[in-house]
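Participant: Quick note, the sequences are listed as chains A and B, same order.
Residue numbers for the first sequence follow my numbering, so the first one is 101 and each next one is one higher.
Residue numbers for the second sequence follow my numbering, so the first one is 101 and each next one is one higher.
All residues carry an ideal CB built from backbone N, CA and C; glycine is no exception.
There are 2 protein chains.
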Amino acid sequence: MTVSTRPRGRPKKVTLEEIADAALALLDREGLDAVSFRRVAGELGVSHMTLYSYLDSKEALLDAMVGRALEVPELTDPHGNWADSLREVLVEIHDALVARPGVAQLILTQSLDGPWVLAIRDRLLALLRPNGFTRAQAVDAISVVVNYVLGTALVEASRGSGASPKAFGLGLDLLIDGLRRGR
Amino acid sequence: MTVSTRPRGRPKKVTLEEIADAALALLDREGLDAVSFRRVAGELGVSHMTLYSYLDSKEALLDAMVGRALEVPELTDPHGNWADSLREVLVEIHDALVARPGVAQLILTQSLDGPWVLAIRDRLLALLRPNGFTRAQAVDAISVVVNYVLGTALVEASRGSGASPKAFGLGLDLLIDGLRRGR
DNA sequence: ACCTGAACACCGTTCAAGT
DNA sequence: ACCTGAACACCGTTCAAGT
Chain A
101 MTVSTRPRGR PKKVTLEEIA DAALALLDRE GLDAVSFRRV AGELGVSHMT LYSYLDSKEA
161 LLDAMVGRAL EVPELTDPHG NWADSLREVL VEIHDALVAR PGVAQLILTQ SLDGPWVLAI
221 RDRLLALLRP NGFTRAQAVD AISVVVNYVL GTALVEASRG SGASPKAFGL GLDLLIDGLR
281 RGR
Chain B
101 MTVSTRPRGR PKKVTLEEIA DAALALLDRE GLDAVSFRRV AGELGVSHMT LYSYLDSKEA
161 LLDAMVGRAL EVPELTDPHG NWADSLREVL VEIHDALVAR PGVAQLILTQ SLDGPWVLAI
221 RDRLLALLRP NGFTRAQAVD AISVVVNYVL GTALVEASRG SGASPKAFGL GLDLLIDGLR
281 RGR
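#1: For the stretch 107 to 132 of chain A, which segments carrying the alpha helix (DSSP H) assignment without a break, of at least 4 residues, lie completely within its bounds, in sequence order?
#2: Are the stretch 196 to 209 of chain A and the stretch 222 to 237 of chain A touching, with three or more C-beta to C-beta distances below 8 Å?
#3: State the Cα-Cα distance for the pair B:Arg-221 and A:Ala-134, rounded to the nearest angstrom.
#4: Thinking A:Phe-137 and A:Leu-151 are a contact (beta carbons under 8 Å), I'd like their distance in whole angstroms, please.
#5: For A:Leu-250 versus B:Val-255, is the C-beta distance shorter than 8 Å?
#6: Just the chain A side, please: which residues come within less than 8 Å of B:Asn-231 by C-beta, in chain order?
#7: Can you list, in chain order, the residues of its chain with a C-beta nearer than 6 Å to that of A:Ala-122? Leave out the 5 residues immediately preceding and following it.
#8: If I measure Cβ to Cβ from A:Leu-116 and keep anything under 6 Å in the same chain, skipping five residues before and after, which residues do I get?
#9: Here's a check: name, in chain order, each residue in its chain whose Cβ is nearer than 8 Å to the Cβ of A:Ile-242, leaving out the five neighbours to either side.
#10: Buried or exposed: which applies to A:Arg-149, given that a residue is buried once 16 or more other Cβ atoms fall within 10 Å of its Cβ?
#11: Which class does A:Leu-170 belong to by DSSP, given the choice of helix, strand or coil?
#12: Given a cut-off of 8 Å, decide if B:Trp-216 and B:Leu-170 are closer than it, judged by their beta-carbon atoms.
#13: Could you name the residues of chain A that B:Ala-267 contacts, counting a contact when the two beta carbons are closer than 7 Å?
#14: What alpha helix (DSSP H) runs, 4 residues minimum, are completely inside the stretch 171 to 213 of chain A?
#15: Could you check the C-alpha separation between B:Gly-202 and B:Ala-257 for me, to the nearest Å?
#16: Along chain A, in chain order, which residues have C-beta atoms closer than 7 Å to that of B:Leu-275?
#17: Name the two residues that bound the continuous alpha helix (DSSP H) containing A:Pro-230.
#18: By the 10 Å Cβ neighbour count, where 16 or more other Cβ atoms means buried, how is A:Gly-278 classified, buried or exposed?
#19: Would you mind stating whether B:Leu-212 and B:Arg-168 have Cβ atoms separated by less than 8 Å?
#20: On a Cα-Cα basis, can you pick out the residue from B:Val-172, B:Asn-181, B:Asn-231 that is closest to B:Gly-214?
#21: Counting only Cβ-Cβ distances shorter than 8 Å, please list the residues of the stretch 167 to 185 of chain A near chain B, keeping chain order.
#22: Measure the C-alpha to C-alpha separation of B:Val-245 and A:Asp-163 and round it to an integer number of angstroms.
#23: When DSSP labels each residue in this structure, what does B:Leu-161 get in the three-state scheme?
#24: If you draw a straight line from the C-alpha of A:Arg-283 to the C-alpha of A:Gly-232, how long is it?
#25: Can you tell which of A:Gln-205, A:Val-191, A:Arg-281 has its C-alpha closest to the C-alpha of A:Ala-267?
#26: Counting only beta-carbon separations shorter than 8 Å, does A:Val-255 have a partner in chain B?
#27: In whole angstroms, what is the alpha-carbon distance linking B:Leu-275 and A:Arg-259?
#28: Comparing the C-beta of A:Leu-227 with each C-beta of chain B, is any distance below 8 Å?
#29: Please classify B:Ser-185 as buried or exposed, where buried requires at least 16 neighbouring CB atoms within 10 angstroms.
#30: Determine whether the Cβ of A:Arg-259 lies closer than 8 Å to any Cβ atom of chain B.
#31: Looking at chain B, is there any beta carbon in it that lies within less than 8 Å of the beta carbon of A:Thr-252?
#32: Given this structure, state the Cα-to-Cα distance separating B:Val-166 from B:Leu-132, to the nearest angstrom.
#33: Put A:Pro-243 into one of helix, strand or coil per three-state DSSP.
#34: Considering only the alpha carbon of each residue, which of B:Glu-130, B:Leu-206, B:Val-189 lies closest to B:Ala-219?
#35: Using the Cα positions of B:Leu-161 and B:Leu-206, report the straight-line distance between them to the nearest angstrom.
#36: Please compile the residues from chain B whose C-beta is within a distance smaller than 9 Å of the C-beta of A:Tyr-248.
Have a look at this one:
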């Protein structure tokens, strides 16, 4: 008793996910300049105009790529140890961006204030609020650490992943210790 | 006895400085996408091909714009108070980028590791070294604060200069105090 | 050396048309 | 609804030619 979930009518040639994935593959392989409607469509074997059935503009494509490439990290905070949870999430974000410089470049030109960054801020707010931070303190604290993580990740991604990845952890500890103390 | 410093031959129609300034005006007015060889040349009343007499490529134009727009701050350190001098310079950099979002965008896409950032790192190194930092400590410390300042300035410049400029100073104090303590 | 227009190989996007 | 090619208004860059 298999229930058909196949949509009526002629099957689509592509899906939005396939478009985003093809664009991300191109980004990883050849950098942001290679990501064009024509190139992406070529990878998928469709006309470049087909993409306009799924996306309003190139900006929409870049947004879809960010949404597809980056998960918003879960925040479990199992031991109620907010400082450790905070550190863990920030390291996770940092590592994800450094490991994929093309995606970092994408964030950078596209959405330093997009939904992905907003979602992260929200999760961190939920983490800090029950731990002795007023709302205003938490908002400021989140700005400080998020900006630090983004800045470090973008700088590291923009050079050949050159210098001192351990300096990142050092600064992160200074910030988190300072926040705990000043709470 | 005026000595003529005027060069021989037909006078040039433009100078490299005029090209960079016209491009920066365009950047401030209409954003990075408006900065093209054709638009800049149009502003100056010359053929777009004339720019190739002064610049090898568009990348060279963007580099020239950064060099023209941003001074590398002086570092006097008059009272030998390195922490205050450090803070002052970092605030200066932050404010310069936030005040001119187009230039921040330029840094971002072009030269997060360009000569301007390198020069700043050098000056900060000269500031920290005589104040109880080993070379390795100083290099890490500079990475931390520079990445923080760039991250904050880029995020603030990318939104409509929206949220909490005071959070910047808060994080900066946490970092500098932590560095002093851990030195 | 400096300046130029034509041409080439690309873009994103609009339009009109096909299924 | 989904897909398409032609066309438009742009790019950066190469080339050949002018002064």
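Facilitator: Here's the rundown:
#1: Annotation: the stretch 107 to 132 of chain A contains the following complete segments of the alpha helix (DSSP H) (minimum length 4 residues), in chain order: 116 to 130.
#2: no
#3: 32 Å
#4: 5 Å
#5: yes
#6: Correct list: empty, because the minimum Cβ distance to chain A is about 17 Å.
#7: Val-140, Glu-143, Leu-144
#8: Tyr-154
#9: Arg-221, Leu-224, Leu-225, Leu-228
#10: The amino acid occupying residue 149 of chain A in the given sequence is Met; Arg does not appear at that position. Classification of A:Met-149: exposed, given that the 10 Å Cβ count is below 16.
#11: coil
#12: yes
#13: At a beta-carbon threshold of 7 Å, the residues of chain A lying near B:Ala-267 are Asp-240, Ser-243, Val-244, ordered along the chain.
#14: 182 to 199, 201 to 210
#15: 8 Å
#16: Gly-271, Leu-274, Leu-275
#17: That residue, A:Pro-230, is in no alpha helix (DSSP H); it is neither H nor E in DSSP.
#18: buried
#19: no
#20: B:Val-172
#21: none
#22: 30 Å
#23: helix
#24: 7 Å
#25: A:Val-191
#26: yes
#27: Going by the C-alpha atoms only, they are around 23 Å apart.
#28: no
#29: buried
#30: True, the Cβ-Cβ gap to chain B drops below 8 Å.
#31: yes
#32: 12 Å
#33: For the sequence presented, residue 243 of chain A should be read as Ser rather than Pro. Helix.
#34: With respect to the C-alpha of B:Ala-219, the residue from B:Glu-130, B:Leu-206, B:Val-189 having the closest C-alpha is B:Val-189.
#35: 11 Å
#36: Val-244, Asn-247, Tyr-248, Gly-251, Thr-252, Gly-271, Leu-275
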